[in-house]
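The sequence shown begins at 59 in this note's numbering and counts up by one. Note that beta-carbon positions come from the ideal geometry of N, C-alpha and C, so glycine has one too. From a predicted model like this one, the values you see are computed outputs, not experimental measurements.
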Amino acid sequence: MTQSKAEPKLYSFDEFISWYPENSAVRYELHDGVIIEMPKPKGK
Numbered sequence: 059m060t061q062s063k064a065e066p067k068l069y070s071f072d073e074f075i076s077w078y079p080e081n082s083a084v085r086y087e088l089h090d091g092v093i094i095e096m097p098k099p100k101g102k
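Here it is, written out as structure tokens:
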């Protein structure tokens, strides 16, 4: 039995900017078309 994995949607920079939530407590970055949730900075 084989399972197919759904390929993640690749976003352009313009799509990412349109998608990016305003006043979000979470930071996101776009890496090679994939939106990545960034961890909160550690330290002071």
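In the DSSP assignment, glutamate 95 falls within the unbroken beta strand (DSSP E) covering 92–96. Distance check between phenylalanine 74 and each of Lys100, Tyr86, Lys98 and Lys102 places Tyr86 closest, using alpha-carbon atoms only. Minimum Cα-Cα distance from histidine 89 among the listed residues Pro79, Ala64 and Phe71 corresponds to Phe71.
For the pair proline 66 and valine 84, the CB atoms are not nearer than the 8 Å cut-off. Assigned with DSSP and collapsed to three states, glutamate 73 falls in helix.
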